[in-house]
Amino acid sequence: MSLEENLRRTLQAETEGWSAPPELKGKILNGISPGQGGRRMKKWLVATIIAASLIIPTGVYAGYNYLADSVYGSQDNYIQNGGTLEQYDQLEAKLQQAKQSLSKEDFQSLTRLLHEIGGFNLQITDAAGVLHPEKLSAADQERYHKLAAELEPYFSKLVNTGAPQQPLKQMDSDTFWEQQLAKAKQTFSGKELAKFQQLISEFNLLNAKATDPDGSTHPERFTKADLNNQSRLTEELNPYLKKLGIMLKPIQ
Amino acid sequence: MEEQTEYSQLIARTLAGSREAYGELYEATVRDVYRTVRFLVSEPSDADDVVQDIYLELHRSLEQYDGTRAFKPWLMGLVMRQVQAYRRKGWRQLRITKKAEHTASIPDADFAGEVIDRLSSHMLMDKVNSLPYKLRQVIVLHYLQEYSQEEAAAILGIPLGTVKSRIHAALQKLRRKQKADTIRIGKVEEMHES
């Protein structure tokens with residue numbers, strides 16, 4: 001037997017009976033703070049739902065830019081999978097803030113990363129909105145952790161800037177729709193534009209019913225027929241609005 | 001690698017806040033960690049403290065673990081650094097391990113072959129224990145944990161050449177001592193036969 005082989009066997013044999021005392025495990029588990037581990041995953045969510053004022057015009061229906069959609073695919077996706085509407089709005093707001101504070105390249109990189117991690121998050125979230133990365137395959141988990149690591153510097157940038165640089169204005173309905181109309185003129189064909197304008201006027205007329213001059217909204221004034229109309233109009237409008245980069249959602 | 005997948009899952013669950021998952025990670029790794037530590041620090045009660053520190057530190061460092069590297073060797077690197085930190089602190093007085101002159105008890109003289117084996121095993125172990133620390137580091141990684149020389153180099157953060165020369169030096173020392181003892185055993189046999 002060579003010395004090396006002898007050495008191997010000897011070491012195995014002599015250390016065979018060595019084992020950690022059973023109470024050591026308990027000591028260790030009591031000594032760790034599990035919250036420390038969770039912090040990393042929570043950081044991602046917290047960073048994305050830090051409150052900021054929203055770009056949502058007043059009015060019964062508010063339009064908003066669907067930046068957040070580009071992360072989760074759609075609001076529906078997000079909500080069905082455990083996010084709340086409020087969180088979605090906050091994510092949206094945070095993204096708007098990011099758009100303002102980051103350079104163009106940075107923002108593009110950020111949304112690209114967010115889009116990818118958003119895809120993973122949809123896979124691994126439970127009904128309560130808790131993320132379970134262990135559900136991913138080993139390769140995916142590696143990718144996931146890498147993404148989270150890549151995102152961290154952006155989040156600390158955003159957290160540090162605190163309140164948005166420029167206060168996000170709350171536009172009034174008219175201004176908002178004016179803007180959209182201007183965009184529409186550039187985006188839509190003649191026929192599309194005509195249809196769009198018609199839907200918009202119908203829509204605004206309807207909403208005017210439930211809005212006071214001071215801007216306060218009273219959705220309770222809507223009759224059942226009104227609500228049906230509203231749904232119909234919303235449905236018809238959304239494809240156009242999507243082309244413009246906004247979506248309609250009711251104010252809570 | 002199935003083992004690596006298992007580790008990845010336990011790590012992910014631990015990072016998500018599961019204490020149970022960390023307990024499982026402990027169970028899956030403690031045997032090798034404990035044996036390595038105990039071999040290097042030689043005082044059993046110190047080994048317990050060092051192992052405890054290792055797993056507390058591990059939990060703190062899991063966030064930095066890069067999933068692309070194999071977990072076990074990465075853990076071993078952490079183990080080796082913790083042991084070195086313990087030695088630097090000089091918690092307890094380092095006991096000088098017993099020299100090769102220590103005679104192991106011979107249980108049954110009838111099974112001469114087995115006895116010689118057991119005796120030589122103890123003797124070899126004693127000799128290994130008396131090697132300088134840096135040589136014992138490479139010994140435990142390469143011959144007990146059976147890492148390749150390259151892996152050992154990565155774990156210890158030293159060049160491959162250094163690992164090779166330390167192993168070579170260790171084996172030389174062990175050979176020299178072994179030869180001397182063999183001659184001694186031979187003489188004892190001769191004495192009794194006459």
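Residue numbers (full-length UniProt numbering), protein chains in the order written: chain D, 1 to 252; chain G, 1 to 194. Virtual Cβ for every residue (Gly too), placed ideally from N, Cα, C. In this text the structure is predicted, and so the values were computed from the model without any measurement.
key: residue 200 of chain G and G:P73 closer than 8 Å at C-beta   = Coverage of chain G is limited to positions 1 through 194, which leaves residue 200 of chain G absent and any answer about it impossible.
task = Give the interface partners of G:Y48 over in chain D, defined as CB-CB distance under 8 Å, in chain order.
result = In the sequence on display, residue 48 of chain G carries Asp and not Tyr. Within 8 Å Cβ-Cβ: A20, P21 and L24.
task = Starting from D:E202, trace the alpha helix (DSSP H) both ways and give me its first and last residue.
result = G190 to K209 is the extent of the alpha helix (DSSP H) around D:E202.
ask   = Given 8 Å as the limit, is there contact between the stretch 123 to 137 of chain G and the stretch 21 to 35 of chain G, that is, 3 or more CB pairs closer than that?
value = The way I'd put it, the stretch 123 to 137 of chain G doesn't touch the stretch 21 to 35 of chain G; fewer than three beta-carbon pairs between them come closer than 8 Å.
ask   = Quick one: what does DSSP say D:H132 is sitting in, helix, strand or coil?
value = coil
request  = Could you tell me which chain D residues have their CB closer than 9 Å to the CB of G:L156, listed as they occur along the chain?
outcome  = Per Cβ cutoff of 9 Å: no residues; G:L156 is ~18 Å from chain D at best.
query = If you pair each beta-carbon of the stretch 142 to 158 of chain G with each one of the stretch 61 to 76 of chain G, do three or more pairs fall below 8 Å?
reply = yes
message = Does any residue of chain G have a CB that is nearer than 8 Å to the CB of D:N204?
response = By this cut-off, D:N204 is not an interface position.
ask   = Taking DSSP as the reference, what is the three-state secondary structure of D:L102?
value = coil
request  = Quick one: which residues of the stretch 118 to 140 of chain G get their C-beta closer than 7 Å to a C-beta of chain D? List them in chain order.
outcome  = Under the 7 Å Cβ criterion, the stretch 118 to 140 of chain G contributes S121, L124 and M125.
task = Can you pull the chain G residues whose beta carbon is under 7 Å from the beta carbon of D:N121, in chain order?
result = By Cβ distance, chain G contributes nothing, its closest Cβ being about 13 Å from D:N121, past 7 Å.
Rounded straight-line distance, which links the Cα of D:E236 to that of G:G17 = 46 Å
message = With H, G and I counted as helix, E and B as strand and the rest as coil, what does DSSP make of G:L174?
response = helix
task = Indicate the three-state DSSP secondary structure (helix, strand or coil) for D:S19 in the structure shown.
result = Look at D:S19 here: in three-state DSSP terms it is coil, with no helix or strand label.
message = Does the structure place the stretch 2 to 15 of chain G close enough to the stretch 50 to 67 of chain G that three or more beta carbon pairs sit under 8 Å?
response = Yes, they touch.
message = I need the boundaries of the alpha helix (DSSP H) containing D:T234, first residue and last residue.
response = K224 to L244
ask   = Is there a Cβ from chain D that is less than 8 Å from the Cβ of residue 215 of chain G?
value = This structure does not reach residue 215 of chain G, given that chain G is present from 1 up to 194, and the question cannot be answered.
Spatial distance of D:L136 from D:F120 (CA atoms) = 8 Å
query = Between G:V83, G:L10, G:H122 and G:T29, which lies nearest to G:Q137 when the distance is taken from Cα to Cα?
reply = Nearest Cα to G:Q137 within the set G:V83, G:L10, G:H122 and G:T29: G:V83.
task = Confirm, please, whether the CB-CB distance from G:A152 to G:H168 is below 8 Å.
result = no
key: Distance, D:Q198 Cα to D:Q230 Cα   = Roughly 14 Å between the two C-alpha positions.
Of the listed residues G:L78, G:K164 and G:S121, nearest to G:V37 (C-alpha basis) = Of G:L78, G:K164 and G:S121, the smallest CA-CA separation from G:V37 is found for G:L78.
inquiry  = For G:D32, tell me which candidate among D:S19, D:S33 and D:K25 has the shortest Cα-Cα distance.
reply    = D:S19
Cut-off 7 Å between Cβ atoms - residues of its own chain near G:A154, not counting five sequence neighbours on either side = Result list for G:A154: P73, in chain order.
ask   = Hey, G:L40 and G:V140: beta-carbon distance below 8 Å or not?
value = yes
query = Run through DSSP, which three-state label would D:E14 get?
reply = helix
query = Starting from D:M1 and walking both ways along the alpha helix (DSSP H), at which residues does that stretch end?
reply = Neither: D:M1 is in no alpha helix (DSSP H) and is coded neither H nor E.
task = Put G:P44 into one of helix, strand or coil per three-state DSSP.
result = helix
ask   = Tell me which same chain residues have a C-beta within less than 7 Å of the C-beta of D:F107, skipping the five on either side of it?
value = A98 and K99
key: First through last residue of the alpha helix (DSSP H) which encompasses G:I11   = E2 to L15
task = Would you grab the beta carbon distance between D:E142 and G:T5 for me? Rounded to a whole angstrom, and I think it's under 8 Å.
result = At roughly 11 Å, the Cβ-Cβ gap does not stay under 8 Å, so D:E142 and G:T5 are not in contact.
query = When the cut-off is 8 Å and only beta carbons count, does D:E150 lie next to chain G?
reply = So, not an interface residue.
inquiry  = Let me make sure I understand the geometry here. Which of D:K209, D:A148 and D:M1 has the alpha-carbon closest to that of D:R221?
reply    = D:K209
query = Would a C-beta distance cut-off of 8 Å place D:P21 and G:D48 closer than the cut-off?
reply = yes
Same chain, Cβ closer than 8 Å to D:Q186, five either side skipped, listed in chain order = none
task = Can you give me the Cβ contacts of G:K164 inside the same chain, cut-off strictly under 7 Å, excluding the 5 residues immediately before and after it?
result = Q149
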